[in-house]
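Taking it in order: structure first as structure tokens, then the write-up.
Numbering (full-length UniProt numbering), first residue to last: 1 to 159.
Take a look at the structure:
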């Protein structure tokens, strides 16, 4: 009876060892799978970084080409531009050149006029922040005028 019990315990032990081996194999396989995924992720990250760098380089090249094209679209040898510079002033000539550059920048295919918010004080395009600030000041001034007008009207009624 003791031998039978001993035999059963050995079988259980062998079974446990076999389960342990299977478990260790599974854990090892999972670790290898995780490492392969980490390597793939690193490769993807490197590829992504390379693509970002290439995209920036292409964008820079496009911007340079665009600027060059805009300069070529303006014919500085145009007789009317030369006459304007000679007969009127360099400032007038420069204003026309700047206007042509801006027309080309906003609509190079048709040179149609595009409305633009302008900062007259700084003589440049206004930023969105400057535009909002201007509108808020306009609204504030309008409220002050209407409040002042109401006060004057009220005083005239009483007086």
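C-beta atoms are modelled at their ideal positions from N, C-alpha and C, and glycine is treated no differently.
Exercise. Using beta-carbon positions only, say whether residue 98 and residue 84 come within less than 8 Å of one another.
Key: no
Quiz item: Nearest to residue 100 by CA position, among 71, 120, 115, is which residue?
Solution: 71
Quiz item: If we cut at 8 Å on Cβ distances, does residue 50 have a partner in chain C?
Solution: Absent from the structure: chain C. Only one protein chain is present.
Quiz prompt | Inter-residue spacing [alpha-carbon to alpha-carbon] between residue 139 and residue 51 | solution = 48 Å
Quiz item: Cα separation between residue 54 and residue 64?
Solution: 15 Å
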